[in-house]
Amino acid sequence: MTFQKNMANDVVKAARSQAIADGSKNEDLPERRYKRGYDTSHLPEHVRAELKKAEESNLVASVAEAALTLVSIPLVAIAAVYAMGLVGASLPNAAAAAAGVALVYVLAATGIARQMRGLELMVHDASHLAWTRSKRRLNNLLANVLVAVPVLSTVEAYWKSHRIHHGSFGSHLDPCRQRFADMGLEHLDLSTRWKIVKAVVAWLPEYNAAYYREIGSQSGRQWAYFAAWHISFLIAPGALLIAFFGSASAVDAIALAALAWVGFWMLPATTVLPVIRSIAESEEHDYAAGETEFDTTYTNDGWVHRVLIHPKNDAYHLVHHMFPNIPERRHRRVHKLLTKYDKLYQESLQRERVLDRA
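Number 73 in our numbering belongs to position 66 of the sequence shown; there are no gaps in the numbering.
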């Protein structure tokens, strides 16, 4: 896999430079990256052929998936506003109506945050050139416009940190391992739902700051892109729709559109999304479970994982680490293929309950 091999030297150099620059080196963590711990030489030839074919990129499919994911967010918001109106009007008293409206909003915010996580995962996919392998600029441009800028990211900034995770996996240079160490994840008691809730609340502020710092979201240019995108594609069109269908003045339409943006984008993005993301990323690896990348990477295949925590086939993280060129839309199919033909894969780390430890 040429892409995977060619990045190694640049990754190590970048990681060392970043560790020196931000003072993030943790002396308690390993100096060297973990070995991969897996190859495909033991697999039947037709399985290896299917794995190779699965690496093919499909720009049209990626753009269509991104557009549908993006459009689903305002559609959920519109449906929620309509549902809140119905619930508020149909319940017998003010307290019941308020509770019903609040419940509808929480459900909508959770669904929206889940879709936002999907956008973030498509940024990750694009950083591996999964949209189009041969045209990096086009890959990055389309992904930036459709999925990255809306969630305060760019493909280039994301890859700057993420390539270190792959290239220096498990070492003190690995930003994911550094984050886990700062969270004390290996030593947390996650044996009950209540203990999981307490752990998430405790780690969330530091985790969230580290995440956005790693992907370069503190950049003034990135914030300018974010503001321009949301004004152009959400607030302005929303104001036009409100003015046209609601017969509102221009000022009122803009104010209502901005209020809807705060309620149905910014609030889910700053409350529910960080919870989903932090749980999802905390489930990807257990660095103490082994000494190879294969032995320390999870498949999270419970129904809550697939429905909420790990959209876009992010549940099959071991597939991604062993085959980083395969687009995420094919991860579930590859997971089933390996489960059928590979005994080694069958015995890898897998969980069906959130944050359960194997």
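Glycine residues also receive a C-beta, built at the ideal position from the N, C-alpha and C atoms.
Are there 16 or more other CB atoms within 10 angstroms of the CB of residue i, so buried, or fewer, so exposed?
| i | result |
| --- | --- |
| Ser175 | buried |
| Asp293 | buried |
| Met329 | buried |
| Tyr89 | exposed |
| Ala322 | buried |
| Ala260 | buried |
| Leu280 | buried |
| Trp272 | buried |
| Trp210 | buried |
| Val94 | buried |
Are residue i and residue j closer than 8 Å when you measure CB to CB?
| i | j | result |
| --- | --- | --- |
| Val341 | Gly309 | no |
| Arg284 | Glu127 | yes |
| Ile77 | Pro157 | Here residue 77 is Leu; the residue named in the question, Ile, does not match the sequence. Result yes, Cβ atoms of Leu77 and Pro157 sit closer than 8 Å. |
| Tyr45 | Glu298 | no |
| Glu291 | Thr304 | yes |
| Glu57 | Leu344 | yes |
Short of 6 Å in beta carbon distance, which residues of its chain neighbour residue i, apart from the five on each side in sequence? Order them along the chain.
| i | result |
| --- | --- |
| Ala61 | Ile333, Arg337, Val341 |
| Asn320 | Glu335, His338, Arg339 |
| Ser224 | Leu159 |
| Ile80 | Ile119, Gln122 |
| Leu325 | Thr304, Thr306, Ser355 |
From residue i to residue j, what does the alpha carbon distance come to, in whole angstroms?
| i | j | result |
| --- | --- | --- |
| Ile85 | Arg143 | 36 Å |
| Ala287 | Asn151 | 22 Å |
| Val282 | His53 | 41 Å |
| Pro275 | Glu359 | 26 Å |
| Ser168 | Val154 | 18 Å |
| Arg184 | Glu213 | 14 Å |
| Tyr165 | His317 | 19 Å |
| Gln357 | Gly177 | 19 Å |
| Gly125 | Leu50 | 32 Å |
| Ala87 | Thr199 | 32 Å |
| His172 | Asp181 | 5 Å |
| Trp230 | Tyr348 | 47 Å |
| Ile249 | Ala96 | 21 Å |
| Ile203 | Val314 | 19 Å |
| Phe252 | Ile238 | 20 Å |
| Gly245 | Ala262 | 10 Å |
| Ala234 | Gly270 | 16 Å |
To which residues of the same chain is residue i closer than 7 Å at the C-beta, ignoring the five residues directly before and after it?
| i | result |
| --- | --- |
| Ala206 | Leu195, Leu197 |
| Val162 | Val130, Ala133, Ser134, Asn147, Ala150, Asn151, Ala155 |
| Ile242 | Ala264, Ala265, Trp268 |
| Thr139 | Ser64, Leu66, Leu145, Asn146 |
| Ile222 | Ser160, Ala164, Tyr165, Ser168 |
Give every residue of the same chain whose Cβ lies closer than 8 Å to the Cβ of residue i, excluding the five residues on either side of it in the sequence, and list them in chain order.
| i | result |
| --- | --- |
| Thr346 | Tyr352, Gln353 |
| Glu193 | Phe187, Asp293, Tyr294, Ala295 |
Determine, using beta-carbon pairs with one atom in the region 132 to 148 and one in the region 97 to 114, whether at least three such pairs fall under 8 Å. no
When the Cβ atoms of the region 33 to 42 are set against those of the region 94 to 104, are three or more pairs found closer than 8 Å? no
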